[in-house]
Amino acid sequence: MAVFRHSAESLVQLVSESVPERILSDVIAENLRATQGINPGKGERRSWDRSIPILARDLVEAGLGGVEMLIEYQLPLTSKRADVILAGRDRRTGADSYLIVELKQWSQAELYEDDAELVLVSGMGPRPKLHPVVQVRSYCEYLADFVGALEQHRNAVRGVAYLHNASDPDIHDLYDHVEDERTRLFSKTRRGQFVDYLKAQFAPEPGAAAADRLLSSSIRPSKQLLKVAAGEIKNRDQFVLLAEQRLAYEMVLHAVEKARASNSKQVVIITGGPGSGKSVIALSLLGELSDRGYSALHATGSRSFTETMRRVVAKGSTRMKAMFKYFNNFMTAKPNELDVLICDEAHRIRETSANRFTRSDQRTGRPQLDELINAARVPVFLLDEHQVVRPGEMGRVADITTYAESFGLAVHQVDLDAQFRCGGSRKYEEWVLRLLGLDGDSPEVWKGDDHFVVSLTESPYELEAMLRARLQAGYSARMTAGFCWPWSSPNEDDSLVADVRIGDWARPWNVKGDRAVGNAPASALWASAPGGFEQVGCVYTAQGFEYDWNGVIFGPDLVYRDGRLVTVRSASKDPALMRRGVSDEQADRLIRNTYKVLLTRGMMGTAVYSVDPATQEFLSGLLEAQI
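Heads up: the sequence shown begins at 1 in full-length UniProt numbering, then just goes up one per residue.
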């Protein structure tokens with residue numbers, strides 16, 4: 001793993017002799033560009049002007065100039081970064097020892113409405129921040145969970161929050177209920193104690209070897225949602241929520257407690273891209289709220305996702321299966337019948353819940369959003385607006401906020417900026433948005449990322465062979481395609497029709513229904529069950545799921561013409577786009593969003609292939625044809 005690193009002594013020397021402290025942030029920024037390919041903005045760099053040198057000088061004063069400082073360390077399989085990880089030798093045992101330091105320039109902060117997990121920071125607006133000790137504690141747990149070298153040595157990782165500009169009287173209530181044997185909080189007032197703490201943690205020896213071992217350690221396979229969700233609901237210790245994830249989780253719990261205490265109603269919106277942890281938050285909340293005795297349900301608009309939750313998470317438990325609902329299950333719910341309704345994949349909210357099976361007396365035209373908000377004291381919406389892929393879906397922040405505020409309801413919003421899918425590569429997510437024209441910028445050449453692999457294959461045969469090799473090596477792998485081929489029902493002999501045809505290569509779509517066909521799993525289990533690799537997944541089956549290696553076939557509905565990617569509505573076989581009332585502009589957006597969903601399912605890498613020669617040539621100019 002590439003990372004900007006210095007011993008404390010060399011960094012102090014760098015600042016004091018050759019580089020004025022006021023431009024240290026430029027030095028760090030240049031190193032981060034060189035080692036990790038990131039280009040921090042000025043807002044991100046302000047803390048480096050003083051925080052990093054102060055920490056380095058404290059280490060030198062403690063006689064620990066040889067301790068290695070790993071600056072802006074990216075946590076495995078996420079884009080979240082720890083400010084500094086100190087690497088050295090344990091003073092008592094001589095073993096490797098690591099200290100995660102969360103640096104804050106805050107001069108004054110207080111608990112948010114006496115909530116020990118949330119704080120209000122002077123000069124930073126009315127929105128609460130996550131308590132810095134809670135933040136660094138989650139970093140410790142996450143690092144120990146994912147770095148192989150720490151698997152048997154979790155206690156080798158400790159954490160501190162260092163508020164070096166704050167005096168104790170200005171942050172006094174931040175000390176309540178936050179410290180334990182692995183995490184501590186220090187202020188400017190307690191700088192002497194901090195120096196003593198450093199002396200107690202590290203031996204006065206070079207830490208370069210310990211840093212090498214951390215950086216070269218194997219990363220354990222990610223804990224995929226469906227493999228641990230059952231334990232998550234029962235045990236809630238299997239996922240570690242980081243930074244904004246934990247903030248969102250605590251904000252919901254705070255809203256629930258406040259709504260009950262004041263007999264009021266509040267709405268929480270949590271937004272984030274693919275892999276930012278929305279469903280992890282949803283399941284963590286479901287388990288915690290149930291444990292606290294609140295009536296809480298999980299709901300989605302995705303049959304694949306809900307059925308998978310029922311079959312995998314709630315396997316063997318009729319009671320637990322009842323906790324997973326659909327958005328249209330709340331048409332007749334009484335007002336505030338639930339304490340909390342967790343609306344996962346809320347971008348799938350429809351205009352109304354009525355469908356062709358709805359009784360005539362229930363066809364009131366009532367908005368589905370009204371039903372969901374009405375059903376609980378605290379409705380929680382987790383969504384990604386770029387995943388709206390069907391006409392009539394209206395789960396957008398503006399829609400939810402406007403509707404809630406029209407009834408005088410308080411709305412709290414948390415935006416997740418971390419990336420846990422795609423190897424934690426924010427660079428890849430931005431590359432996809434540019435490629436598909438979803439952020440207003442032009443496509444650009446993929447320049448590589450240590451955390452994620454992207455490539456072009458020359459044929460569907462090559463794409464399938466590459467993915468099969470990954471599958472045989474013990475990884476999960478799936479292949480998906482744009483909805484450009486018909487989707488047939490099974491043959492009379494209970495075999496699937498090979499609908500997806502490219503030249504002499506042909507494979508079936510995933511199963512349509514909720515029963516297995518031969519060795520092919522039911523639609524809802526395509527992404528997770530054995531046998532799913534042999535079929536091509538569509539967006540409605542893949543959405544909400546993840547796998548290690550991802551293959552995507554671009555169909556003729558998205559092609560390169562006249563210098564840009566354009567959509568061809570007539571090439572789509574998606575019945576949703578054939579309905580009356582769907583404009584060409586809507587169809588264009590839905591097709592682009594479809595490919596955005598398909599391209600962001602992978603955890604370790606994505607390979608692509610286009611059936612259109614001009615598009616394949618265009619992609620070859622952006623990607624290397626190897627993986």
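Cβ atoms here follow ideal geometry from the backbone N, Cα and C, with glycine treated the same way.
Note that the segment 65-75 does not touch the segment 118-131; fewer than 3 beta-carbon pairs, one per stretch, sit closer than 8 Å. If you check the CB distance, Asn510 and Gly482 do not come in under 8 Å.
Sixteen is the threshold: since fewer than 16 other Cβ atoms of the shown chains lie within 10 Å of the Cβ of Arg292, the residue is exposed. Between Leu185 and Val101, the CB-CB gap reaches or exceeds 8 Å. Distance from Arg478 to Ala527 at the Cβ level is roughly 6 Å; contact confirmed, criterion being Cβ atoms closer than 8 Å. The continuous alpha helix (DSSP H) containing Gln472 extends over residues 460-472. Residue state for Ser495 is assigned as coil, using DSSP reduced to three classes. When beta bridges are read from the DSSP output, Met479 appears opposite Val536, Gly551. Ile591: member of the alpha helix (DSSP H) spanning 584-599, first to last residue.
DSSP places Phe381 in the strand class (E or B) of the three-state scheme. One alpha carbon belongs to Val432, the other to Gly551, and they sit about 14 Å apart. By the neighbour-count criterion, in which 16 or more other beta carbons inside 10 Å mark a residue as buried, Ser7 falls on the buried side. Residue pairing by DSSP places Leu111 opposite Val119 in a beta bridge. An exposed status is given to Lys334, since fewer than 16 other beta-carbon atoms sit within 10 Å of its beta-carbon.
The criterion of a C-beta distance shorter than 8 Å is not satisfied by Gly301 and Glu351. In the DSSP assignment, Ile342 forms a beta bridge with His298, Val380. The three-state reading of DSSP puts Met124 in coil, since its state is none of H, G, I, E or B.
Taking each of Asp176, Ser217, Ala208, Arg377 in turn and checking the Cα distance to Leu150, the smallest one comes out for Ser217. No residue range can be given for Gln105, since it is assigned to no alpha helix (DSSP H) and is classified by DSSP as neither H nor E.
Residue pairing by DSSP puts Trp509 in a beta bridge opposite Val536. Comparing C-alpha distances from Ala109 to each of Met124, Thr183, Glu385 shows the shortest one belongs to Met124. Among the bridge pairs identified by DSSP, Gly605 is matched with Val453, Trp549. Where Gln616 is concerned, the enclosing alpha helix (DSSP H) starts and stops at 613-620. One Cα belongs to Asn329, the other to Leu372, and the distance between them is close to 9 Å.
For Arg501, the uninterrupted beta strand (DSSP E) run begins and ends at 500-502, by DSSP. In this structure, Gln266 is the residue among Ala82, Ala62, Gln266, Arg5 with its C-alpha nearest to the C-alpha of Ser406. The segment 580-591 makes no contact with the segment 513-523, as fewer than three CB pairs between them are under 8 Å.
For Arg191, no beta strand (DSSP E) segment is defined; the enclosing uninterrupted segment is the alpha helix (DSSP H) at 191-201. Per the C-alpha coordinates, the member of Gly532, Ala614, Phe533 positioned closest to Val566 is Ala614.
Secondary-structure assignment with DSSP links Ala82 through a beta bridge to Tyr73. Counting along the chain, Ala209 sits inside the alpha helix (DSSP H) bounded by residues 208-216. Excluding the 5 residues flanking it on each side, Tyr428 has same chain C-beta neighbours closer than 7 Å at Cys422, Asp449, Phe452, Val454, in chain order. By alpha-carbon distance to Asp548, the top candidate from Thr606, Phe305, Asp96 is Thr606. Contact between the segment 386-400 and the segment 246-265 is absent, with fewer than three C-beta pairs closer than 8 Å.
The Cβ-Cβ distance between Ile553 and Val414 does not fall below 8 Å.
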